[in-house]
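2 protein chains.
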Amino acid sequence: MSQHPSLQPLDTIIIGAGTAGLAALREVRKHTKRYVIVNDGPWGTTCARVGCMPSKTLIEAANAFHRRHVFDELGLRGAAGLTADIPAVLKRVRALRDEFVAGALDATNDLGRARVSGHATLLGPSAVDVDGRRYDTRSIIIATGSRPSVPEEWLAFGDRMLTTDTLFEQPTLGPRVAVIGMGPIGVELSQALARLGLEVAAFSTSDSLAGLADSQLNAEMAALLKAEMVLHIGAPAQLREVPGGIEVSSGPNRVVVDQVIAAMGRVPNIQYLGLETLGVPLDKRGMPKVDPQTQQIGDLPVFLAGDANAHTPLLHEAADDGHIAGMNALVADTPTRFKRRTPLGIVFCDPTIARVGQRLADMDRAQTVTGTVSYSNQGRARTALRNQGRLYVYADKATGRLQGAEMCAPDGEHMAHLLALAVQQKLTVHDLLGMPFYHPTLEEGLRTALRDAARQLPQGRDSDLATCKAIGVSALE
Amino acid sequence: MSQHPSLQPLDTIIIGAGTAGLAALREVRKHTKRYVIVNDGPWGTTCARVGCMPSKTLIEAANAFHRRHVFDELGLRGAAGLTADIPAVLKRVRALRDEFVAGALDATNDLGRARVSGHATLLGPSAVDVDGRRYDTRSIIIATGSRPSVPEEWLAFGDRMLTTDTLFEQPTLGPRVAVIGMGPIGVELSQALARLGLEVAAFSTSDSLAGLADSQLNAEMAALLKAEMVLHIGAPAQLREVPGGIEVSSGPNRVVVDQVIAAMGRVPNIQYLGLETLGVPLDKRGMPKVDPQTQQIGDLPVFLAGDANAHTPLLHEAADDGHIAGMNALVADTPTRFKRRTPLGIVFCDPTIARVGQRLADMDRAQTVTGTVSYSNQGRARTALRNQGRLYVYADKATGRLQGAEMCAPDGEHMAHLLALAVQQKLTVHDLLGMPFYHPTLEEGLRTALRDAARQLPQGRDSDLATCKAIGVSALE
Chain A
208 MSQHPSLQPL
218 DTIIIGAGTA
228 GLAALREVRK
238 HTKRYVIVND
248 GPWGTTCARV
258 GCMPSKTLIE
268 AANAFHRRHV
278 FDELGLRGAA
288 GLTADIPAVL
298 KRVRALRDEF
308 VAGALDATND
318 LGRARVSGHA
328 TLLGPSAVDV
338 DGRRYDTRSI
348 IIATGSRPSV
358 PEEWLAFGDR
368 MLTTDTLFEQ
378 PTLGPRVAVI
388 GMGPIGVELS
398 QALARLGLEV
408 AAFSTSDSLA
418 GLADSQLNAE
428 MAALLKAEMV
438 LHIGAPAQLR
448 EVPGGIEVSS
458 GPNRVVVDQV
468 IAAMGRVPNI
478 QYLGLETLGV
488 PLDKRGMPKV
498 DPQTQQIGDL
508 PVFLAGDANA
518 HTPLLHEAAD
528 DGHIAGMNAL
538 VADTPTRFKR
548 RTPLGIVFCD
558 PTIARVGQRL
568 ADMDRAQTVT
578 GTVSYSNQGR
588 ARTALRNQGR
598 LYVYADKATG
608 RLQGAEMCAP
618 DGEHMAHLLA
628 LAVQQKLTVH
638 DLLGMPFYHP
648 TLEEGLRTAL
658 RDAARQLPQG
668 RDSDLATCKA
678 IGVSALE
Chain B
208 MSQHPSLQPL
218 DTIIIGAGTA
228 GLAALREVRK
238 HTKRYVIVND
248 GPWGTTCARV
258 GCMPSKTLIE
268 AANAFHRRHV
278 FDELGLRGAA
288 GLTADIPAVL
298 KRVRALRDEF
308 VAGALDATND
318 LGRARVSGHA
328 TLLGPSAVDV
338 DGRRYDTRSI
348 IIATGSRPSV
358 PEEWLAFGDR
368 MLTTDTLFEQ
378 PTLGPRVAVI
388 GMGPIGVELS
398 QALARLGLEV
408 AAFSTSDSLA
418 GLADSQLNAE
428 MAALLKAEMV
438 LHIGAPAQLR
448 EVPGGIEVSS
458 GPNRVVVDQV
468 IAAMGRVPNI
478 QYLGLETLGV
488 PLDKRGMPKV
498 DPQTQQIGDL
508 PVFLAGDANA
518 HTPLLHEAAD
528 DGHIAGMNAL
538 VADTPTRFKR
548 RTPLGIVFCD
558 PTIARVGQRL
568 ADMDRAQTVT
578 GTVSYSNQGR
588 ARTALRNQGR
598 LYVYADKATG
608 RLQGAEMCAP
618 DGEHMAHLLA
628 LAVQQKLTVH
638 DLLGMPFYHP
648 TLEEGLRTAL
658 RDAARQLPQG
668 RDSDLATCKA
678 IGVSALE
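Heads up: the sequence lines are chains A and B, in that order.
The opening residue of the first sequence carries number 208 in this note's numbering; numbering runs sequentially from there.
The opening residue of the second sequence carries number 208 in this note's numbering; numbering runs sequentially from there.
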């Protein structure tokens, strides 16, 4: 395909070739050849290089190994002879990661001169400098992503201070590892490493694990994690060099480890971008206001998409951001306002933490009905020896409409999708109870929570199968 | 609770205390004390005693053991030292089964004299004989369940001829086992036993595995099963005694085994019930016509629910049948007509076979759009080394409404529920594409199939996130 990046002004310049940038690119390419996509550092998305994919690959190995603890009860012998070959586990993570990255590179490999490696700096809303070369452009899409947050002073620990950027590059790990920060990434990684047999100590300033809003759920999840690792939550952690390793202390608790993983969140890559040349107010982080329905900055032809805008740093939201920015960057007049999807957050720990729809804090609790189920005695979960966790559904008291859900439940990622569809479609608890629940499935547990909510709502007609109550046979719930 | 089974006529008599009978009981108990529930043989449901629960417990052990084949690739060592202790596996199946059965017994343990063990025979539409005692009654609910079908002449093989009624009672199995019949039960059991290390040879007269309607899906599933067992489909199997075991032959294929499992479907328990006393026409099986929306036989106060009516021998349908029968048995006038749930069938093999909504054969193919995805290169499935299978969605060409789906897909049971909700709620492909799909999940594979269908449907508005196309990064699909 012939590209014309030298014909200026460009219609747009995309800064960043991660998920948001590539989603924008897909739209831009449909309409113009007068564009450039610029990337600073390695090409390939955060997701493929250092995020979703390597972490999920690690987690699969960890969960497969962890399962050995139930082998004897299942009637399988020889589990004591199993070992996790950490270097081999990491090697597979990298090998698969390389394939996923190669897949991401395919999205830009055919772009010719429209694909530019370098550091972009805004010169205003219509011009960008890339390592000394100036591009005049009708619009700009900024999709520079995010990076792990690490306190400056901790960098002194050198290669013993890891983040997701470096973790998967290690030839081996441990045997003693501390994870600082128990947001989604900290919870996933600390559990995975503990399940691989490393001695993991996890620390979190926040009381909430992976952002769980319900305190009962949080307490259950904390208890489950404490069975697998050392976990100290509710106080900040300090690090210092001691003979034999790095000492991590938090209140009265201290532990010495070989490596520390900083999982303290991600910061948007908006420094050194020249955002100050746009002439719009920037907050104390240096962030301009971005409309989440258009991705536009003020009324400028400048769009900020993906992790870089710090709205919802999740892949599917970044892809939507990029799509919206790509659509809107090419229109001269009013940008299109997009309705965003139902919020959905999943943390790939076990049981799965997931949140769907409205946040608990944003609900009017007096107008909200809560239904719950514990998975500790759920039939199908018991057959699999995966009977842990709990699920909450929240519904509007007046209409019965599902508002949201929060859970730490076995295979919760799937039930979260079902609930997300229900919230997106404004379905009621009654609507959900009208669907078939196959036996024996984990979804029957969800049904128990829905029935719990339904009991607190106006009753449906008796002639409707959705009103069926439990039979009173535990295996059926 | 005081019961009054001696006050006659009863309001109703429930014959059979399985899932359908217990569901009927739940409704009946709410409204009257003038009832009896009769059970012939062991109390406890088919599901808990010999069906869903023991088979799923067996399958969990089998799949956990089977997973060892990917351990080395995941970086886990020592898998060669793992063994399946078949007697221990079966012992756990029975132990858990006993707990589930005890749970089912709880539903009738407090009934006092209303709980009657014995064989019931109808004396007409208003009277039932139970082992010589006559009950006059205003209505009758028949919920006598079903039993495995075994050719009469095969009974000569004695305790080497197994069915689900006897399989889980065995102290051990194999080492050579033949499974005759590859419906849902045959597929589940043959794969589970093969995965536990038994030498399994499976035979099916039908070309279709577990009722799969799509030939491509069926071929993929057959290829997957053939990697785990000997499989001969499309011709009937003959059995004969030979030195060293039972020879099973089918066309040119023969194999000698230690035990044979007959998985040739289930027959409704309607013999010796006295249905001929009702004065309604019976078909050649001896089955009267039963209205699936009322469970009523003709206009008699007699209701036939659960497996015994042979409509849809699935637990959740049996429970609904029982609910409907229980509601309708107590009304003197016109019974309520219930709208049944969206059809949903799941076979717990791996990848999971599932079917949702309308049958392929019942669709107008000229008016139907098909979307598909292969899981062989799906991102999340690859991280788990579970990248096998395929999924089809079917939508109405004019409206885009989802009509149904068929799949053999990893964790397909969950996607089947999502699709069942969509069909039940009459959602369109576009509606589904409007929901969030988290990354990386198996649901992203479903999205690929939906996008494939969407391409063949009238296009939605560009300003709608549901119209987002794939980014072209393989890890994201």
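By construction, the Cβ of each residue, glycine as well, lies at the ideal position given by its N, Cα and C atoms.
- DSSP lists B:V580 and B:M614 as the bridge partner or partners of L598 of chain B.
- For F272 of chain B, the uninterrupted alpha helix (DSSP H) run begins and ends at C259 to H273, by DSSP.
- Among the residues of the stretch 613-643 of chain B, those with a Cβ less than 8 Å away from any Cβ of chain A are D618, E620, H621, M622, A623, H624, L625, A627, L628, A629, Q631, Q632, L634, D638, L639, G641, M642 and P643, in the order of the chain.
- Rounded to whole angstroms, R608 of chain B and E650 of chain A show a C-alpha spacing of 24 Å.
- Within the stretch 359-446 of chain B, the runs of beta strand (DSSP E) that reach at least 3 residues and sit entirely inside it are, in chain order, 383-387, 406-411 and 437-440.
- When DSSP states are grouped into helix, strand and coil, V245 of chain A belongs to the strand group.
- Distance from the Cα of V296 of chain A is smallest, within the candidate group A:T264, A:L281 and A:P617, for A:T264.
- Judged by DSSP in its simplified three-state form, V630 of chain A adopts helix.
- One thing to note: E620 of chain A has its Cβ no nearer than 9 Å to the Cβ of Y582 of chain B.
- Every alpha helix (DSSP H) stretch that sits fully inside the stretch 487-557 of chain B and reaches 4 residues is listed by chain position as 522-536.
- V554 of chain B and L289 of chain B have their C-alpha atoms spaced approximately 27 Å apart.
- Here N460 of chain B is bridged, per DSSP, to B:S457.
- Here the C-alpha atom of G596 of chain B lies approximately 22 Å from the C-alpha atom of V407 of chain B.
- Short of 7 Å from the beta carbon of E448 of chain B, and not among the five residues preceding or following it, lies no beta carbon of its own chain.
- Taking a contact as a CB-CB distance under 8 Å, the pair G667 of chain A and A673 of chain A counts as one, their CB atoms being some 6 Å apart.
- Approximately 11 Å separates the beta-carbon atoms of R654 of chain B and K676 of chain B; this is outside 8 Å, ruling out the contact.
- With a threshold of 9 Å between beta carbons, K298 of chain B makes contact with chain A.
- Separation of the CB atoms of A661 of chain A and L640 of chain A is rounded to 6 Å, and the pair is thereby assigned contact status at 8 Å.
- At least one CB atom of chain B sits nearer than 9 Å to the CB of G288 of chain A.
- In the three-state DSSP reduction, V680 of chain B falls in the coil class, being neither helix nor strand.
- For I293 of chain B, the enclosing alpha helix (DSSP H) stretches over residues I293 to L312.
- Around the beta carbon of L403 of chain A, a 10 Å sphere encloses 16 or more other beta carbons of the protein chains shown; the residue is thus reported as buried.
- Three or more beta-carbon pairs separated by less than 8 Å are not found between the stretch 526-536 of chain A and the stretch 476-487 of chain A, which leaves the two stretches without contact.
- Using a CB distance below 8 Å, the part of the stretch 307-318 of chain A facing chain B consists of F307, G310, A311, D313 and A314, ordered along the chain.
- Interface residue (Cβ-Cβ distance to chain B less than 9 Å): F545 of chain A is classified as such.
- Per DSSP, the continuous alpha helix (DSSP H) segment holding A656 of chain A begins and ends at E650 to R662.
- Against chain A, a Cβ distance below 7 Å from L229 of chain B picks out I678 and V680.
- Here D343 of chain B has Q215, P216, L217, S333 and A334 as same chain residues with Cβ atoms under 8 Å from its own Cβ, once five neighbours each way along the sequence are excluded.
- The criterion of a C-beta distance shorter than 9 Å is not satisfied by L281 of chain B and R383 of chain A.
- If you compare the alpha carbons of B:N535, B:M471, B:Q445 and B:D247 with that of N460 of chain B, the shortest gap goes to B:Q445.
- Remark: fewer than three beta-carbon pairs, one from each stretch, lie closer than 8 Å, so the stretch 241-251 of chain A and the stretch 267-275 of chain A are not flagged as touching.
- A271 of chain B has a beta carbon lying within less than 9 Å of a beta carbon in chain A.
- Listed along chain A, the residues sitting closer than 8 Å to D292 of chain B by beta-carbon distance are G282, L283 and R284.
- Within chain A, no C-beta atom comes nearer than 7 Å to that of R341 of chain B; the closest sits roughly 29 Å away.
- Look at the stretch 577-588 of chain A: the residues with a C-beta under 8 Å from a C-beta of chain B are G586 and R587.
- Per DSSP, A605 of chain B lies in no beta strand (DSSP E) and is assigned neither H nor E.
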